[in-house]
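Q: The numbers in full-length UniProt numbering rise by one with no breaks, and the one at position 72 of the sequence shown is 72. Glycine is no exception: its CB is placed at the ideal position from the N, C-alpha and C atoms. My questions will all concern the structure given below.
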Amino acid sequence: MTLPDPRLYPRVNPQNPVIRQLMSLMTERDAAQVAVKRQGLRQLIAELLGARDHYGLNGAITQVPSQEAWFELWQCIRDEVEQSTSAKYAVPFAIPLVLVAGFKGETSLPSEIDGAAALSILREHGVVAADADVFLSGALLAPDLVAAINPAQIAEWRETISEASRFPIDSAGSAIAIKDEVVALRYLVGVAIQQQNAAPAIKLGGQVGAWGMPLAQLISDTLKTNGVTLFPIPRPPMSWLAAQDAGRVTQLETRLQVMTSNALRSIRTKGRTPVVTVAAHENAEIRITFSTTEDPERWEGYVWPLAANDQVAYIEQYVAELMRECRVDSVKMIGNVQPVLDTDGLPLFITAHNLGQAIDATIQ
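In structure tokens form, the structure reads like this:
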């Protein structure tokens, strides 16, 4: 059974020029006109960026009438922010780092690594060109600090930073608080100076290559703290906007992996049969519940809050594959959108023992 998408989208607002142009593009079938209208959309975005009209740009983003339209608009924003026709331009980038840490009690990890050493690893493995002008900060930035840099600022950096050493980010890193177990997200940020029509100064995206292990080891050695078990998961360098989406998804996937391992171990050591239930809820959340057929009182729940770029079909497939790897035979996908709260006013999680009500609602 396929999970529904619980998100509600607004009606088309023809008064918003960006939305009007976007919908004209989305409904166009002639290939030549599609290119013309996409360029027209990019021009509107460029004007908003140039005027630093964050309100106007955010207004358009929040008024998209479908996820398909959101992806089209977001790609045009990224293209306008990240592409340049200048002979030389800057490429601001970020490296998402997911840190899985455990400690008996409460402690914290340092907020900085050796940025120069990390950059050397990337050069050694060809991620950064040997002679490229690139700067990488060692500060471990929290997601909110990275998100605070708006698209207009990134576009301005692209055209105004001429030397990597003049990258204006000087924020201190954010310490990682640990209480028993945590899956934290941090970013290493930097900038590369790119010559037009030259080989890439830095390779963005793709898969983690041979550089991943030494970078993870550098992070482990630098953040080593007595009594803490630490497993760093670096992702490839990405453009500033793309890195935020990728980092968030990697953190959510890793949190789910950790919780799945813990929940199934607890269930199976008691000799019980796990039942995993996945449901979409009216507040734009996917809730995953670990329960058993034997005990109606004990269960654990996981929440995946849906962001604009999240695809419900991908989450469903990811959960199904993860449970298959963990040899869970009973995985239930609920085919209708569920309420946020139960009859007692508490967050509703579908378990093996209230599953029938949700399925009955689907049939009706």
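If we count the other Cβ atoms within 10 Å of its Cβ and call it buried at 16 or more, is Asp79 buried or exposed?
A: The residue you call residue 79 lines up with position 79 of the sequence shown. By the neighbour-count rule (16 or more Cβ atoms within 10 Å), Asp79 is not buried but exposed.
Q: Grab me the residues of Gln196's own chain with a C-beta within less than 8 angstroms of its C-beta, minus the 5 sequence neighbours each way, in chain order.
A: If you number the sequence shown from 1, residue 196 lands on position 196. Excluding positions up to five away in sequence, the list reads Ser84, Thr85, Ser86, Ala87, Lys88 and Tyr89.
Q: Check the DSSP bridge columns for Gly190 and list the partner residues they point to.
A: Counting from 1 along the sequence shown, the entry for residue 190 is found at position 190. Partner(s): Phe93 and Leu136.
Q: If you follow the alpha helix (DSSP H) that Trp304 is part of, which residue opens it and which one closes it?
A: Here residue 304 is taken as the residue at index 304 of the sequence shown, counted from 1. Following the DSSP letters along the chain, one finds Trp304 in no alpha helix (DSSP H) but inside the beta strand (DSSP E) bounded by residues Glu300 to Pro305.
Q: Would you call the CB atoms of Ile315 and Trp299 closer than 8 angstroms?
A: Sequence index remark: in the sequence shown, residue 315 carries index 315 (1-based). Sequence index remark: in the sequence shown, residue 299 carries index 299 (1-based). Taking a C-beta distance under 8 angstroms as the contact criterion, Ile315 and Trp299 do not qualify as a contact pair.
Q: Measuring straight from C-alpha to C-alpha, what distance separates Asn354 and Met323?
A: Residue 354 sits at position 354 when you count from the first residue of the sequence shown. Residue 323 sits at position 323 when you count from the first residue of the sequence shown. Roughly 21 angstroms separates the two Cα atoms.
Q: So what does DSSP say about Glu321, is it helix, strand or coil?
A: Along the sequence shown, read from residue 1 onward, the residue named residue 321 stands at position 321. Residue state, collapsed to three classes: helix.
Q: In this structure, what does DSSP give as the bridge partners for Gly102?
A: On the sequence shown, residue 102 is found 102 positions in, with the first residue counted as 1. In DSSP, Gly102 forms a bridge with Glu181 and Thr229.
Q: Taking the alpha-carbon of Arg42 as reference, which of Glu28, Leu57 and Asp30 has the nearest alpha-carbon?
A: Counted from its first residue, the sequence shown places residue 42 at position 42. Among Glu28, Leu57 and Asp30, the Cα nearest to that of Arg42 belongs to Leu57.
Q: Looking at Ser86 and the ligand NAD, is the gap between the Cβ and the nearest heavy atom below 7 angstroms?
A: With respect to the ligand NAD, the structure offers nothing, as it holds no ligand at all.
Q: Considering only residues of the same chain and omitting the five flanking positions on each side of Gly40, which have a CB-CB separation below 7 angstroms?
A: Walking along the sequence shown from the start, residue 40 turns up at place 40. Here the set comprises Gln21.
Q: Within 10 angstroms of its Cβ, does Ala142 collect 16 or more other Cβ (buried), or is it exposed?
A: Position 142 of the sequence shown, counted from the start, is the residue given in the question as residue 142. Ala142 counts as buried, since at least 16 other C-beta atoms from the protein chains shown sit within 10 angstroms of its C-beta.
Q: Starting from Ile288 and walking both ways along the alpha helix (DSSP H), at which residues does that stretch end?
A: On the sequence shown, residue 288 is found 288 positions in, with the first residue counted as 1. Ile288: not part of any alpha helix (DSSP H); member of the beta strand (DSSP E) spanning Glu285 to Thr292, first to last residue.
Q: With distances taken from CA atoms, which of Val331, Thr260, Arg268 and Tyr187 is nearest Arg235?
A: Looking up residue 235 in the sequence shown gives position 235. Closest by alpha carbon: Tyr187.
Q: Who pairs with Gln338 in a beta bridge, going by DSSP?
A: Here residue 338 refers to the residue found at position 338 when the sequence shown is read from its first residue. Note: Gln338 is bridge-paired with His281 in the DSSP secondary-structure output.
Q: Could you tell me how far apart the beta carbons of Ala172 and Ser111 are, in whole angstroms, since I believe they sit closer than 8 angstroms?
A: Mapped onto the sequence shown, residue 172 falls at position 172. Mapped onto the sequence shown, residue 111 falls at position 111. So it is a contact: roughly 6 angstroms between Cβ atoms.
Q: Between the C-alpha atoms of Asp344 and Asn336, what's the straight-line distance to the nearest angstrom?
A: As a first step, residue 344 must be located in the sequence shown, where it is residue number 344. As a first step, residue 336 must be located in the sequence shown, where it is residue number 336. When rounded, the distance between both Cα atoms is 21 angstroms.
Q: If we count Cβ pairs, one from each stretch, closer than 8 angstroms, do we get three or more for the stretch 255-270 versus the stretch 279-290?
A: yes
Q: Could you tell me the boundaries of the beta strand (DSSP E) in which Ser330 lies?
A: Taking the sequence shown and counting its residues from 1, the one referred to as residue 330 is at position 330. First-last of the beta strand (DSSP E) with Ser330: Ser330 to Met333.
Q: Between the Cα of Arg7 and the Cα atoms of Glu282, Ala184, Leu256 and Ala155, which residue gives the shortest distance?
A: Counted from its first residue, the sequence shown places residue 7 at position 7. If we check each option's Cα against that of Arg7, Glu282 comes out closest.
Q: Measure the C-alpha to C-alpha separation of Glu325 and Val319 and round it to an integer number of angstroms.
A: Position 325 of the sequence shown holds residue 325. Position 319 of the sequence shown holds residue 319. Cα to Cα, the separation comes out at about 10 angstroms.
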